[in-house]
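Asker:
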Amino acid sequence: EKLLEMCNLQRTSEGEQPLKPDYWHAKIIELATQGQRVLAVAASSSPTTKLSLHLDDLENGLVLLGLFGLIDPPRSEAIDSLRQCHSAGIDVKMITGDHAATACAIARQLGFRNADTVLSGQELSTLSDDELRQQVRDVDVYARVSPEHKLRLVRLFQEQGLIVAMTGDGVNDAPALKRSDVGIAMGRKGTEAAKEASEMVLADDNFSSIVDAVEEGRTVYDNLRKAILFILPTSGGEALIIIAAILFGFQQLPLTPVQILWVNMVTTVTLAMALSFEPTEAGVMQRPPRPRDEPILSRLLLWRVFFVSAILMGGTFGLFLWDMAQGSSIEHGRTVAVNTLVLFECFYLFNSRYISEPVLSWQGLSGNRWVLIAVAALLLFQLGFTYLQPMQMLFGTEALELSVWGIATLVAASVFILVELEKLIMKRFVSTLPD
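According to the working numbering, the sequence shown is numbered sequentially starting from 1231.
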C-alpha cells in the first residue's frame, strides 16, 4: 500500500500507462487472502549525470512493475501447539505487521477461534483505551500494527489481570517484550535488543517450544507441591508425637532428637527426592491456568497435611504404647516408633504421587521407578538402623522381632487406605480441587 501511493504509472507490455489503484488493491487482497505476504516492485528513472540519490527523489513519480507473493505456510506442529494452548486455557493472539487479509488467512490455517475478526493498526489508533479494552479479549488477530500498538495491547491485557507472554525478534519489539510478564525472543533471528529485553530465548525459534515449556513448568509446579505435601506431615507427625507424650506426662519421649534427625534425613534424601522425578500427569495441559494469587498450599492441601500428621501420630504413638505395655525396654519401643513412622512414610509416598486422583492403578503404583528404588533404599537403611551394632549404639536402637515388623507394616498401611478414601470423599463433596 505504501509503495502504491508513491507510484503514478504502471508498466505494461504496451509501455507505461496511468496507474490503476483499484485494480492493484484488489490484486493485493486476492494474494493476501491466500496467506501470501505481498511485495510490490517499482522503478524510477534518473539522469545518468546524477551522482547521488536521496529519499526525496523516490517519494513519488515511481513506475509500478508488479506484485509478487511469498508463501510461508504454518508448521504442522504449530497448529497442534495452538490447539494445546486452547485446551490449557491459554489465549493466543496474533499481532503482526502483515496485511489484514494475510493475517486472517494464516489465522484460519492455524485454527484460531476468531480468525475472521481482525483489528488493523489504523483501527487501533482510532479507538480509546476503554473502547479497545472491551474488544481485546474477543479479537485474536491484529494486523498492520506498530511497536506502539504492541505495547498498548500488552498494557491493556495486563490491566485486565492477565499474565502476558509475548514473542518478538526485532528492535521495535523490545518495549513490548520488556513490558510483558514473560518476554520471549527468537534465538536465531532475534536481535540482541530483543534478547536483552526478554526473560526467555527460544533456541529453535519454534512456537511449539513455548508450549513444551508450559507443560514442563506445570509438571515442575505439581512435583513441588507433591514434595511439600509429602514432607510436611513427617514434621507434623513428629511434633504431634512429642506433644502427645508431654501431655500424657511421659518422662521418656517416644523419639529422641537424634532419631528425629535420622527420620528427616533418610526420608528427604530418598522418598522426597523421588517425587522430583514424577512424570507429567495425564491431562496436565487440559487444566485452566491457576490464579496468580493462589497459594502453593490450598485449604485442601493444608487439611491433608493435618489429616496425615494425625494418622502418623496416632499409629506411631499407639504402637509405642503397645510395645511398652509388653514389657519392652525404652530402646525397643523407640525402635518400633521410628520404624513405624518410616513405614508410614513409605506408604504415604504412593498417595503423594497424585494429589487428588486415586493412585490405585498400575501406573499409580509403578509409574515412577524412582519411587520404588527410593522405598527399597529406605528399607535397607532402616534394616541397618535397627540391626547394625554401630547404628544401635549411635541411635539407641534394638533389634526387632519379625512379628513386630508385621504389625508395624499393617498399621502403617492404614495411611494408604485412609488417604485414598479421603481423596474419594473430597472429590465427591468438594466442588473445587487443586488439580
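Idealized CB from N, CA, C, for every residue including glycine.
Treat the numbers as computed from the prediction; the structure is a model and nothing was measured.
1) With a threshold of 8 Å on Cβ separation, who are the neighbours of VAL1488 within its own chain once the five nearest residues in sequence on each side are excluded?
2) Which term fits LYS1250, buried or exposed, when burial requires 16 or more other beta carbons within 10 angstroms of its beta carbon?
3) Per DSSP, what kind of secondary structure is ARG1520 in: helix, strand or coil?
4) Nearest by alpha-carbon distance to ILE1676: which of LEU1531, PRO1248, ALA1270 is it?
5) Between the segment 1400 to 1412 and the segment 1426 to 1444, do three or more beta carbon pairs fall short of 8 Å?
6) Indicate whether at least one CB of chain C lies closer than 9 Å to the CB of THR1421.
7) Can you name the residues that DSSP bridges to SER1350?
8) Runs of 3 residues minimum, wholly inside the segment 1231 to 1315: which ones carry the beta strand (DSSP E) assignment?
9) For ILE1336, report the span of its beta strand (DSSP E) as first-last.
10) Determine the direct distance from the alpha carbon of TYR1253 to that of SER1274, and round the result to whole angstroms.
11) Rounded to the nearest angstrom, what separates ALA1502 and LEU1609 at their Cα positions?
12) Grab me the residues of ILE1393's own chain with a C-beta within less than 8 Å of its C-beta, minus the 5 sequence neighbours each way, in chain order.
13) Buried or exposed: where does TYR1451 fall if 16 or more other Cβ atoms within 10 Å of its Cβ makes it buried?
14) Label ARG1343 either buried or exposed according to how many other C-beta atoms from any shown protein chain fall within 10 Å of its C-beta, with 16 as the threshold for buried.
15) According to DSSP, is GLY1398 part of a helix, a strand, or is it coil?
16) For THR1565 and THR1546, which I take to be in contact (beta-carbon distance under 8 Å), what is that distance rounded to the nearest angstrom?
17) Reducing DSSP to helix, strand and coil, say where GLY1413 ends up.
18) Please report the straight-line C-alpha distance between TRP1600 and GLU1378, rounded to a whole angstrom.
Answerer: Here's the rundown:
1) Same-chain partners within the cutoff: LEU1624, PHE1625, GLY1626.
2) Per the 10 Å Cβ criterion, exposed.
3) ARG1520 sits in coil when the DSSP states are folded into three classes, being neither helix nor strand.
4) Residue 1676 is absent from the structure shown; the chain starts at 1231 and stops at 1665.
5) They touch, by the three-pair rule.
6) Judged by its chain identifiers, the structure shown contains no chain C, having just a single protein chain.
7) Paired residues: ALA1373.
8) List check, beta strand (DSSP E) in window: 1237 to 1242, 1245 to 1248, 1266 to 1273, 1292 to 1301.
9) In the DSSP assignment, ILE1336 falls outside any beta strand (DSSP E) and lies within the alpha helix (DSSP H) extending over 1330 to 1340.
10) Cα-Cα distance, rounded: 21 Å.
11) Computed Cα separation, rounded: 15 Å.
12) So the qualifying residues of the chain are ASP1411, VAL1412, PRO1519, ARG1522.
13) The Cβ neighbour count for TYR1451, taken over all protein chains shown within 10 Å, is under 16; the residue is labelled exposed.
14) Note on ARG1343: under 16 other CB atoms within 10 angstroms of its CB, so exposed under the neighbour-count rule.
15) For GLY1398, the three-state secondary structure derived from DSSP is strand.
16) Actually they do not touch by this definition, with Cβ atoms about 12 Å apart.
17) Residue state, collapsed to three classes: strand.
18) If I take the Cα positions, the gap works out to 51 Å.
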